[in-house]
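Everything on this sheet refers to the single structure shown next.
Chains as they are written, first to last, in this note's numbering: chain S, 1 to 143; chain D, 144 to 451.
Written as structure tokens, this is what we have:
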């Protein structure tokens, strides 16, 4: 396991002992989404994001001391999507948005990739969604 | 007890929302403690409970974003939204083609306003009940424009062409003799006796029993090794309240009524603290079958009063 750390940007790359080959070339998709998230990060009101894929995790948050709290919330939200899919006849969940007093979080389970973008309540989550969707589209087009 | 007061209001609210927008394919209201207060016909109780469990888990972890005020889920062909107001949560499922503005108007403005209002009313009602037990049963129905001042409680004066029911809740204790005397005195005072005779007046005396209180409760199965097949279990608080209202009266049975059927049965307080004070009624399977209701359904109960 290698770990790079800076003040406001923590990037974690996890190399698992057993390498899993995924036919859909997740590295390219991951890179495409990662680039898109870097762009999203620059948007006004975006506090940060957590991006987890099968092979890597990337966290970029304004408040690095709250990483664990943000990560736990993100996990619960993504777990909730599974409950909804199982319990209600809604099809596959595209995204979940949790709104707090001052902050909201947009979680997207995109195949093996798990994306959580944290932003202020005034920020337009649709714009963020579109950018992530565009990244996916770009990857599919390349493929 | 507040949940009991609120439940019919929320049930009505959900029905109206459904009527308003047929694209809404499921909705339910639940409290912070996970109790479902009202749900529509599309919502399965168990599924809703599992969702609430998951929602509460998110809520626990949401301090970092300043609590959980709303949750929206976009899926392939439906959207789910949870909005909160005064520790009550409304979950709505609607198709993607639903009018988003209308849904937003309902979930973010109208429903929270109703919830707050219902909550305030319930709180007021509960406070009043605590101060004056039985006052909530007061019914004032003057039927016509005529008002009989100083008329005594519990009198129903029926004439050929008019009916006036005048009740006064200040004297809640039924006392046949004194009421009859008071009534005669009142009629004399008002010098109406002759007029009534001319009009072929019927004096129908009814003892001044408070109006039977109705409570809407959520059904839970009464299990255990040997549950009494003809006995339901309800909150002790509710039984105490009845005893308070109907002093010197025996309440041995209650009427349990579902949407379609009703039956009378014995009752006893809920023994398991897990089920108490949650607006629940534990009904054995036999009675559930009779009144065609299952766990999670709603029933109305009222006491059967018998003379001492």
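Yeah, the Cβ is synthetic: ideal placement off N, Cα and C, and Gly gets one too.
Sequence-distant Cβ neighbours of residue 53/S in its own chain, meaning closer than 7 Å and more than five residues away, are 26, 30, 112, 113.
Across the structure, residue 255/D and residue 262/D are spaced so that their CA atoms are roughly 10 Å apart.
Apart from sequence neighbours up to five positions away, the residues of its chain that approach residue 230/D with a beta-carbon distance below 7 Å are 174, 175, ordered along the chain.
Using a Cβ-Cβ cut-off of 8 Å, residue 88/S is close to 169, 190, 194, 221, 223, 236 of chain D, given in chain order. Residue 34/S and residue 69/S have their alpha carbons spaced roughly 22 Å apart. Taking residue 38/S as the centre and dropping the five residues before and after it, the same chain places no C-beta closer than 6 Å to its C-beta. Residues of chain D with a Cβ closer than 7 Å to the Cβ of residue 70/S are, in chain order, 207. For residue 80/S, the three-state secondary structure derived from DSSP is helix.
Restricting attention to 208/D, 237/D, 244/D, the CA atom closest to the CA of residue 102/S is found in 208/D. In this structure, the CA atom of residue 109/S is about 12 Å from the CA atom of residue 129/S.
For residue 48/S, no alpha helix (DSSP H) encloses it; the enclosing beta strand (DSSP E) starts and ends at 46-52. In summary, no residue of the region 242-254 of chain D has a CB separated from any CB of chain S by less than 8 Å.
Counting every other CB atom within 10 Å of its CB across the protein chains shown gives residue 232/D a total of 16 or more, marking it as buried. In the structure shown, residue 217/D adopts extended strand secondary structure according to DSSP, grouped into three states. Around the CB of residue 206/D, fewer than 16 other CB atoms lie within 10 Å, so the residue is classed as exposed. Each of 447/D, 426/D, 382/D was checked against the Cα of residue 439/D, and the nearest Cα belongs to 426/D.
Proximity of chain D to residue 73/S at the Cβ level (cut-off 8 Å) is accounted for by 201, 204, 205, 207, 208, in chain order. For the pair residue 198/D and residue 180/D, the CB atoms are not nearer than the 9 Å cut-off. Per DSSP, the unbroken beta strand (DSSP E) holding residue 60/S starts and ends at 56-61. Sequence-distant Cβ neighbours of residue 251/D in its own chain, meaning closer than 7 Å and more than five residues away, are 226.
Excluding the 5 residues flanking it on each side, residue 216/D has same chain C-beta neighbours closer than 7 Å at 222, 223, in chain order. According to the DSSP secondary-structure assignment, residue 113/S is paired through a beta bridge with 110/S.
Runs of the alpha helix (DSSP H) lying entirely within the region 159-235 of chain D, each at least 4 residues long, are 188-203 in chain order.
At least one CB of chain D lies nearer than 9 Å to the CB of residue 77/S.
Closer than 8 Å at the C-beta level to chain D, one finds these residues of the region 94-122 of chain S: 94, 95, 96, 97, 98, 99, 100, 101, 102, 103, 104, 105, 118.
Partner residues in a beta bridge of residue 72/S, as assigned by DSSP, do not exist.
Cα atoms of residue 28/S and residue 57/S: separation of roughly 15 Å, rounded to the nearest angstrom. DSSP, reduced to helix, strand and coil, places residue 248/D within a helical segment of the structure shown. Residues of the same chain with a CB within less than 6 Å of the CB of residue 374/D, apart from the 5 flanking positions on each side, are 409, 411 in chain order.
With its beta carbon at least 9 Å from every one in chain S, residue 231/D lies outside the interface. For residue 247/D, the number of other beta carbons within 10 angstroms of its own is below 16, and it is reported as exposed. Secondary structure at residue 371/D: coil, using DSSP grouped into helix, strand and coil. For the pair residue 168/D and residue 150/D, the Cα-to-Cα distance works out to about 20 Å.
Around the beta-carbon of residue 182/D, 16 or more other beta-carbon atoms lie within 10 Å, marking it buried. Within chain D, not a single residue places a beta-carbon under 8 Å from that of residue 132/S; the smallest gap is close to 13 Å. Bridge partners of residue 418/D according to DSSP: none are assigned.
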